[in-house]
Amino acid sequence: MAYLIAEEGRSTDDKQTVIEITADAQNPAYWRDVWEHRELFQLLVWRDLVVRYKQTLIGFSWSVIRPLTMMIVFTIVFGGFAKLPSNDTPYALLVFTGLLPWMFFATTFSEAANSVIANTPIVSKVYFPKIILPFSSIIVGTVDFVISFCLYFLLAVYFKHPPGWNVMFLPVCIILLCLFVMACGTWVAVLNVRYRDFRYLLPVVLQLGAYMSPVGYASSVVPGKWGIIFALNPMVGIIDGFRWSLLDAGTPFPTFSFAVAVGFTVVCLIPGVRYFTRSESRFCDDL
1 MAYLIAEEGR
11 STDDKQTVIE
21 ITADAQNPAY
31 WRDVWEHREL
41 FQLLVWRDLV
51 VRYKQTLIGF
61 SWSVIRPLTM
71 MIVFTIVFGG
81 FAKLPSNDTP
91 YALLVFTGLL
101 PWMFFATTFS
111 EAANSVIANT
121 PIVSKVYFPK
131 IILPFSSIIV
141 GTVDFVISFC
151 LYFLLAVYFK
161 HPPGWNVMFL
171 PVCIILLCLF
181 VMACGTWVAV
191 LNVRYRDFRY
201 LLPVVLQLGA
211 YMSPVGYASS
221 VVPGKWGIIF
231 ALNPMVGIID
241 GFRWSLLDAG
251 TPFPTFSFAV
261 AVGFTVVCLI
271 PGVRYFTRSE
281 SRFCDDL
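Its first residue numbered 1, the sequence shown is counted upward by one per residue in our numbering.
Structural data, given as structure tokens:
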């Protein structure tokens, strides 16, 4: 379906010249249109940030309290009761470096998946490239991520366990995490519009994912014969990549699991973006 996006002018015989762009990620004009709507993108990001902490007593402090509370719970359960190994790393720090990528993924993926439905009024009345919606969810989640990351450095100083030179690899892990969220979010955002059951299924999947990913424990506790199957979860490679970059525990780089995460992201991202853009024309009918 083609969208009318601009009017260049009228001639003396009152004929109208228009520019039409088909919503397709392979069309360069579509991405130029995305760039032209950058102010809308900024407004959506700012609106979501304001709404998230509106009428809360402690505002952005929730970005510290949530991961800190989960760190304490996981440390007590897995490190205290279960006595799981931590590779000579303070268990609280091991948990927190798993929570950093996981909480970013869980929050931004959930918001990206619901981004179209949550913006039904403007989606159904105003034309703009809808891919802006899941993109803006990632930027909003980045704010919480940065705040939580500052807390990590305070914990690293407290436990006298600062990162080493491996931290130079951290930007690669962060970029991969954002792309992975986008890969998953674009697919589920469309499915969520068409099949509303996904909005009820998503919290269950994320809850299970927190225990099926090495958030509260090290990947090394998974027995060898199950390790390969375990590593097929893309979040395993991403979390282990974060830990390898931040903890400097002398453990080898998680080559296999990280390669799985990269491969999954590449395979799903491009088709996911194309699927999303090609489905834009049906959003108004499905909402």
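The C-beta atom is built at its ideal place from N, Cα and C for all residues, glycine as well.
Alpha carbon to alpha carbon, how far is residue j from residue i? Give it in angstroms, no decimals.
i	j	result
Gly250	Trp244	8 Å
Phe159	Tyr30	49 Å
Met182	Phe145	16 Å
Gly185	Val95	25 Å
Val298	Ser136	The displayed coordinates of the chain run from 1 to 287. Any statement about residue 298 would go beyond what the structure contains.
Trp187	Tyr275	7 Å
Lys225	Val267	26 Å
Leu232	Met212	11 Å
Within 10 Å of its beta-carbon, does residue i have 16 or more other beta-carbons around it, so buried, or fewer, so exposed?
i	result
Glu39	exposed
Thr120	exposed
Ile21	Note on Ile21: pLDDT 46, under 50, position unreliable in the model; the coordinate value appears next. With 16 or more Cβ atoms within 10 Å of its Cβ, Ile21 is classed as buried.
Glu111	buried
Leu246	buried
Asn192	buried
Tyr217	buried
Thr265	buried
What three-state label does DSSP hand residue i in the structure shown?
i	result
Gly263	helix
Thr255	helix
Arg282	helix
Asn192	helix
Cys268	helix
Leu232	coil
Phe276	helix
Pro163	coil
Ser219	helix
Lys225	helix
Gly79	helix
Phe242	helix
Residue i: which of the options sits nearest, CA to CA?
i	options	result
Met235	Arg282, Arg32, Leu99, Ala29	Leu99
Arg278	Asp240, Trp46, Pro129	Pro129
Phe78	Ala92, Pro67, Val267, Leu68	Ala92
Tyr200	Ile138, Asn114, Cys150, Glu280	Asn114
Ala189	Leu133, Cys178, Cys150, Val157	Leu133
Met103	Pro90, Met71, Lys83	Met71
Val51	Ala118, Cys150, Leu177, Phe242	Ala118
Phe105	Leu177, Val260, Ala82	Leu177
Asp285	Val123, Leu84, Thr75	Val123
Ser281	Asn233, Phe198, Arg194, Ile229	Arg194
Between which two residues does the alpha helix (DSSP H) holding residue i run?
i	result
Glu111	91-113
Met70	62-74
Leu154	132-158
Lys125	120-125
Phe41	38-53
Leu201	198-212
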